[in-house]
Amino acid sequence: MDLALASRTARQLMDRYGLEHWSFAFDDALRRAGLCDHARSRISLSAPLTRLYGQAEVRETILHEIAHALAGPRHGHDATWRATAVRIGSSGRRCVDPQAPAIDGPWAGTCPAGHTSTRFRRPARPMSCSRCSRRFSVTHLIAWTYHGRVVPMGARYDTELREITAVARRAAAPTLVVETLDLGLLDLEPEAVPTAAGAPGVA
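Numbered as in UniProt numbering, the sequence shown ends at 203 without a single skipped number.
Written out as structure tokens, the structure is:
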């Protein structure tokens with residue numbers, strides 16, 4: 001959506017719902033569509049994402065933030081906020097529609113099964129794929145690239161990865177079962193065998 005049109009739409013909706021004294025602005029956020037700043041009485045939209053969104057998505061974002069302003073800073077995304085959002089025409093969803101356009105981060109992660117995700121910051125520690133396993137699993141470790149290139153992940157990351165891998169190898173190693181032998185159960189008496197002359201002897 002054109003930024004000028006988005007700005008006019010935001011101003012009109014803010015005035016309609018009693019936020020005439022609030023200001024509006026654009027910001028450079030890449031992972032959130034909008035922001036309600038109670039301390040500054042300001043609503044802002046992500047300029048990069050607004051350019052990707054259609055009119056309906058931008059309007060939904062504006063109404064979402066207006067609902068935060070009307071509900072107050074203590075309500076977050078609770079029932080009071082949702083009721084306010086629905087009342088002014090928002091869907092009441094806590095998050096942006098998963099089908100909405102998004103901006104990929106420069107860090108791309110891929111698990112052994114091929115699931116991918118992106119990040120804007122270098123991962124600080126090893127992670128596994130949540131789609132493959134809800135719990136951390138070495139089997140589903142994510143491999144990272146930066147702008148499509150394999151790059152060093154850092155000393156701390158590498159150290160933790162080695163430790164995790166070593167623990168996994170030890171856990172997967174076959175267990176050596178050692179059984180104790182009770183000598184009391186053995187017959188240690190020499191077996192008597194006949195000698196050539198027919199008398200008992202020791203073999």
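Backbone N, C-alpha and C fix where the C-beta goes; we use that ideal spot for every residue, glycine too.
Can you tell me where the beta strand (DSSP E) with D15 in it begins and where it stops?
-> Judged by DSSP secondary structure, D15 falls outside any beta strand (DSSP E) and instead within the alpha helix (DSSP H) spanning L3 to R16.
What are the partner residues of residue 224, as DSSP defines its beta bridges?
-> Coverage of the chain is limited to positions 1 through 203, which leaves residue 224 absent and any answer about it impossible.
Does DSSP put A143 in a helix, in a strand, or in coil?
-> A143 sits in a strand when the DSSP states are folded into three classes.
Status (buried if at least 16 other CB within 10 Å, exposed otherwise) for P106 = If you draw a 10 Å sphere on the C-beta of P106, you find fewer than 16 other C-beta atoms in it, and that means exposed.
Assuming T50 and A6 form a contact by the criterion Cβ under 8 Å, report the distance between their Cβ atoms to the nearest whole angstrom.
-> Their Cβ separation, rounded to whole angstroms, is 5 Å, which keeps T50 and A6 in contact under 8 Å.
Return the chain-ordered list of same chain residues with a C-beta closer than 8 Å to the C-beta of Y53, the five sequence neighbours on each side being excluded.
-> Here the set comprises M1, A33, T61, A100 and P101.
In terms of residues, what are the limits of the alpha helix (DSSP H) holding A25?
-> Run containing A25: none in the alpha helix (DSSP H); it sits in the beta strand (DSSP E), S23 to D27.
Would you say the region 63-73 touches the region 120-140, given that touching needs at least three Cβ pairs under 8 Å?
-> Contact between the region 63-73 and the region 120-140 is absent, with fewer than three C-beta pairs closer than 8 Å.
Whose C-alpha, out of A85, G154 and S128, is nearest the C-alpha of L13?
-> Measuring from the Cα of L13, the nearest candidate turns out to be A85.
What whole-angstrom Cβ distance do R42 and T9 have, given they're in contact under 8 Å?
-> The pair is not a contact, with the Cβ atoms about 16 Å apart (cut-off 8 Å).
Could you pull out every residue in the same chain whose Cβ sits closer than 7 Å to the Cβ of W81, ignoring the five residues on either side in sequence?
-> Excluding residues up to 5 positions away in sequence, A67, H68, A71 and H75 lie with their Cβ nearer than 7 Å to the Cβ of W81 in the same chain.
For the alpha helix (DSSP H) that I164 lies in, which residues bound it at each end?
-> Where I164 is concerned, the enclosing alpha helix (DSSP H) stretches over A155 to A172.
For R82, the first and last residue of its enclosing alpha helix (DSSP H) = First-last of the alpha helix (DSSP H) with R82: A79 to R87.
Give me the Cα-Cα distance between F24 and C95, rounded to the nearest whole angstrom.
-> Those two C-alpha atoms are separated by around 21 Å.
Chain-order list of residues whose beta-carbon lies under 7 Å from that of L19 (same chain, five-residue window excluded) | So the list reads I66 and A69, once near-sequence residues are dropped.
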